[in-house]
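Here the structure is laid out as C-alpha cells; the discussion comes afterwards.
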Amino acid sequence: MYMLKKTILTAAALLVSVSVTGQTVRMDVNLKKAGAPVQPTMYGIFFEDINYAADGGLYGDMVKNRSFDFPYALTGWTAYGKLQVMDDGPFERNPHYLRLNWSGHRDKFTGVENEGFFGMGLKKGEGYVFSVWARSDGGKLRVELVDNDSMTETQILAQGEISVNSKEWTKYKLELTAPVTIEDAHLRVELVGNVSVAIEHVSLFPKDTWTGREGGLRKDLAQALYDLHPGVFRFPGGCIVEGTDLETRYNWKNSVGPVENRPVNENRWHYTFGYKLFPDYFTSYGFGFYEFFQLCEDFGCEPLPVVSCGLACQFQNDDPSAHVPVDELQPYIQDALDLIEFANGGVNTTWGRVRAEMGHPEPFNLKMLAVGNEQWGEEYPAHLKPFVDALRKAYPQIKIIGTSGPNSEGDQFDYLWPEMKKLGVDLVDEHFYRPEKWFLSQGARYDSYDRKGPKVFAGEYACHGDGKKWNHFNASLLEAAFMTGLERNADVVHMATYAPLFAHVRGWQWRPDLIWYDNLRSVRSCSWYVQQLYSQYKGQNVLGLTWDGKPITGADGQQGLFASAVQDGNLIYVKVANTSSSPNTIEFSFNGLKKADVVKAVKRIVYTSPDPDADNTLDAPEAIVPRQRIFIGEGKAITATVDPMSFNIFVFER
Ligand code: AHR
C-alpha cells in the first residue's frame with residue numbers, strides 16, 4: 000500500500016513537473032521549398048597519430064621498432080645472448096639490423112623478444128603472419144609467441160622455425176595460430192644452432208585484417224570508421240603535420256613506397272605523456288599516404304590531406320628561426336604539388352608512377368588540400384600565399400583549405416578569417432575543444448556567417464566537460480545540439496570532423512576521443528554514436544524549421560532545445576536535442592502541404608542515458624546506444640514528447 004502511494008505520488012510529481020516546466024513547443028517544418036544541399040563531405044573523420052592511433056592502433060603490425068631504427072636500436076626489444084647491431088642493411092632509409100650469433104655453448108641462447116605496443120593482442124584460433132628479412136649461410140630461427148605473464152613452459156603459445164638458406168637478404172614468412180586469447184603476448188625470435196643469422200624488419204600482423212589485405216589494418220578499428228559512413232577523411236593531423244620541429248614534421252614522401260624503406264619518424268606527441276619516463280613514440284609510417292587514399296576509396300569518402308606550410312608547431316616553437324623563411328618555401332610547395340601528383344597524376348609522372356608501383360594505377364581523384372594546421376600570426380598568411388599561388392596555377396580545380404588558428408574566437412581568429420578571405424581560400428578550418436557552456440551558446444554560430452566568403456570546415460571539435468575531461472554522454476549530447484547549427488547552415492558549413500579519433504587505453508595523452516581500444520577490444524563512445532546518427536540521417540537538403548519564426552538554437556526561452564531538419568527524397572528527418580533536465584512536448588507542424596496531403600510518422604530514434612556522466616566502456620561497449628521507439632501519427636501536425644537530456648531523430652514521410 001505504501002509502495003502504491005509512493006508510486007502515485009511520484010507519478011503525480013512527474014506530471015506536475017512536465018506541465019510546470021515546459022509549454023508545448025510548435026516547430027514549423029517548411030516543406031514549401033528545399034533549402035541548401037547538405038554537402039556529401041559532411042560528417043567525416045579526422046585522423047592523427049596521437050594516443051597510439053597508427054602504430055599500436057589502426058595499423059596492424061604488432062611489433063614496435065620493427066626495423067631497429069629507433070634512436071636506440073633495441074627500444075621495444077629485450078635482447079639476450081650474443082648479438083650485434085649493424086647499420087649497413089638492405090633498406091637505405093632504415094639501415095639498422097641485428098646479427099644473431101652463436102653463444103658458444105649448447106645451453107646458452109641468443110635472441111630478441113619484442114614487447115609490442117603494451118603487449119600484443121592474440122585471439123584464440125586466429126592466424127598471425129610473422130615475417131622477417133634475413134640472410135645467413137644456412138642458419139635457423141625459432142619464432143615464438145609467448146605469454147609475457149607466464150613463468151613456466153606454458154609461456155610458449157605457438158612456435159615455428161625458419162631455415163634461412165640464402166646469403167642474400169630475403170623475406171621469410173611463417174603463420175602461427177594463437178591457442179588462447181591474450182592481451183599481452185610477446186614475440187620471440189631466437190637463433191637455433193651455431194650459424195649466425197642477420198634479421199631486419201620483423202613484423203607480426205593478424206591474418207584477418209580489414210578487407211583481408213596482407214600487412215593491413217586492424218579490422219575492428221577500420222570497421223568502426225566505416226560504420227561512421229564518413230563523407231571526408233582528414234589526414235595526417237593535427238599538430239603532427241607541423242612536427243615538434245620541422246625535422247619531425249609529417250613528411251608524406253617518407254610514407255609511401257615499400258614499408259621497409261619508410262624511415263622511422265619521431266612522433267610530435269613523443270614527449271607529451273605525463274606518466275612515461277622514457278618516451279618511445281615513433282611512427283613507422285606503415286599507415287601512410289597510400290594506405291590513407293586506399294581507405295578513403297574503401298569508405299567512398301573524399302580524402303583531405305593536410306601538408307606543412309613550413310611552420311613548425313607554434314605551441315612548441317616561439318623562436319622564428321624554428322620555421323622556414325618565406326623565400327625558402329619552395330621545397331615545401333613542391334611537396335604539396337607532388338602529393339597531388341601522387342594522388343592524381345598519370346602513371347608516367349614521377350609520383351603517379353610511385354602510386355602505380357604500389358598497386359593503384361588509377362588516380363585517387365583528390366579534390367582538396369589543406370595547407371597548415373593550427374597556425375597563427377602574420378607568418379601564416381605570409382607562408383600560405385606562395386602555396387595558394389602555386390596550387391592555383393598548377394591545379395586550379397583543387398580546393399584549398401586555410402586555417403583560423405587554434406581558437407574558436409578571439410584575436411587570432413578575428414585576424415585570420417579576413418586574411419583567408421583575402422587569399423581566396425575555398426574553406427577555412429576552425430577548431431574548438433570547448434566546455435559545456437560554449438557548446439550551449441553556439442547553436443546559432445553559423446547563422447550570421449558571410450554567405451559569399453570561404454566555406455567552413457569545422458575541422459576539430461569536441462565538448463571538453465568543465466572538470467570532466469573524459470568521454471561522457473552529456474558531452475556527446477551537447478555536440479549533437481551544436482551540430483544542428485552545422486546542419487542548418489549547410490550552405491556555409493561544408494565539412495565537419497570530431498577530434499581526436501582514436502585512443503589506446505594504455506597509451507593516450509589526449510581525451511576525450513571518439514574510439515577507445517586495448518589490444519583486443521574497442522569501444523565506440525557516445526560521441527561516436529552522435530556522429531554516426533548525423534551521417535545516417537544526413538539527408539539531401541536543409542528544410543526550414545522554426546519556433547515562433549526563429550531557428551531553434553537553444554536561445555534564451557527555447558527550453559534547452561536545439562533542432563534542425565533535412566529532407567531525403569520523400570523522407571523528412573528532424574533532429575532535436577533536448578539539453579534541459581525536463582521533458583519537452585513538441586508539435587511538428589508541416590507547412591506547404593497540399594490540402595489533401597498528410598505527413599506520416601515513420602520512426603523515432605532516441606539517444607539518452609540515465610547517467611549523463613557515463614559512457615560506453617570496453618567491458619560494456621553497448622551500454623549507451625541509440626534506440627528506436629514507437630512513433631505513430633499522421634496529419635498536418637504530429638506531436639511527440641522528448642525526454643530530458645536526449646537527442647532525437649524523428650523520421651516522417653510525406
Ligand atoms: O586533436 C589533438 C590536437 O589538437 C591536434 O593535433 C591539434 O591540431 C589540436 O591542437
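Heads up: the sequence shown begins at 0 in numbering that gives the first Met the number 0, then just goes up one per residue.
All C-beta atoms in this analysis are idealised placements derived from N, C-alpha and C, irrespective of residue type, glycine included.
Report all residues from its chain with a CB closer than 6 angstroms to the CB of residue i; omit the five preceding and five following residues, and keep chain order.
| i | result |
| --- | --- |
| V19 | Annotation note: pLDDT 36 at V19 (below 50); position unreliable, coordinate value reported separately. Answer for V19: no residue qualifies. |
| A221 | W209 |
| G632 | A600 |
| P239 | Checking the sequence, you will find Ile at residue 239 rather than Pro. If we look at I239 and ignore the five residues flanking it on each side, its Cβ neighbours are E47, D48, Y249, R267. |
| W132 | W168, K170, E199, H200 |
| E418 | P380 |
| F654 | A query on residue 654 cannot be resolved here, the shown segment of the chain reaching from 0 to 653 and no further. |
Looking at C-alpha atoms only, which residue of the options is the closest neighbour of residue i?
| i | options | result |
| --- | --- | --- |
| M644 | A474, Q539, F431 | A474 |
| N583 | T640, S165, S66 | T640 |
| L156 | T176, G137, N253 | T176 |
| E143 | D136, P178, F116 | P178 |
| K107 | A78, L121, Y127 | A78 |
| L477 | D567, N577, P89 | N577 |
| D618 | V504, P511, L570, L592 | V504 |
| E429 | L485, A479, V24, C525 | L485 |
| A52 | Q627, A498, G556, C525 | A498 |
| N569 | F587, R653, K420, Y516 | R653 |
| F412 | R603, K392, Q374 | Q374 |
| E109 | F438, K420, T180, G80 | Per the sequence presented here, residue 109 reads as Thr, with Glu not at that position. The shortest Cα separation from T109 among F438, K420, T180, G80 belongs to G80. |
| A479 | G466, T496, G75, K468 | T496 |
| Y533 | G543, G506, T483, H493 | T483 |
| N193 | G137, E182, L173 | G137 |
| S579 | R217, D547, L439 | L439 |
| A654 | Q535, W546, D337 | The chain is shown only over 0 to 653; residue 654 falls outside these bounds and no answer can be derived. |
Below 8 angstroms between beta carbons: does that hold for residue i and residue j?
| i | j | result |
| --- | --- | --- |
| G285 | D60 | yes |
| F363 | P302 | yes |
| Q530 | N50 | no |
| Y572 | A564 | yes |
| V605 | N647 | yes |
| E125 | H185 | no |
| C300 | G56 | no |
| F201 | A489 | In the sequence as displayed, the identity of residue 201 is Val instead of Phe. Against a cut-off of 8 angstroms, the Cβ pair of A489 and V201 comes out as no contact. |
| E660 | N266 | Any question about residue 660 goes unanswered here, given that the chain covers just 0 to 653. |
| L426 | V387 | no |
| V346 | P330 | no |
| G118 | N147 | yes |
| I623 | F481 | no |
| R98 | L82 | yes |
| F45 | G464 | no |
| L365 | A335 | no |
| Y280 | L203 | no |
Going by beta carbon distance, what residues of the same chain come within less than 8 angstroms of residue i, once the five residues before and after it are set aside?
| i | result |
| --- | --- |
| R134 | V163, S165, K166, E167, W168, T169, V196, A197 |
| A223 | I514, S521, R523, W527 |
| V15 | Reliability fails at V15, whose pLDDT of 36 lies under 50, so the model's placement of it is uncertain and the value that follows must be treated cautiously. No residues qualify anywhere along the chain. |
For a test of your reading of the model: does the CB of residue i fall under 7 angstroms from any non-hydrogen atom of the ligand AHR? Yes or no.
| i | result |
| --- | --- |
| A495 | no |
| N665 | The displayed coordinates of the chain run from 0 to 653. Any statement about residue 665 would go beyond what the structure contains. |
| C238 | yes |
| P405 | yes |
| I161 | no |
| I637 | no |
| P434 | no |
| N470 | no |
| E174 | no |
| P499 | yes |
| E91 | no |
| N372 | yes |
| W509 | yes |
| E429 | no |
| I49 | yes |
| E478 | no |
| E633 | no |
Return the chain-ordered list of same chain residues with a C-beta closer than 7 angstroms to the C-beta of residue i, the five sequence neighbours on each side being excluded.
| i | result |
| --- | --- |
| A12 | Because the pLDDT of A12 is 36, which lies under 50, any placement of that residue in the model is unreliable, and the question is left without a value. |
| R141 | Q158, E160, E189, V191 |
| L3 | Confidence is the limiting factor: at L3 the pLDDT is only 38, short of 50, which leaves the residue's position unreliable, though a coordinate-based value still follows. Excluding positions up to five away in sequence, the list is empty. |
| H502 | Note on identity: in this sequence residue 502 is Ala, with His being the wrong assignment. Here the set comprises N50, R510, D512, W515. |
| T348 | E340 |
| T247 | N264, E265, R267 |
Tell me, please, whether the stretch 435-451 touches the stretch 535-552 by the rule of three or more beta-carbon pairs shorter than 8 angstroms.
yes
Pair every Cβ in the stretch 327-341 with every Cβ in the stretch 251-259, then say whether three or more of these pairs are closer than 8 angstroms.
yes
Is the stretch 368-385 touching the stretch 395-402, taking contact as three or more C-beta pairs under 8 angstroms?
yes
Can you find at least 3 beta carbon pairs, one from the stretch 64-75 and one from the stretch 287-299, that sit closer than 8 angstroms?
no
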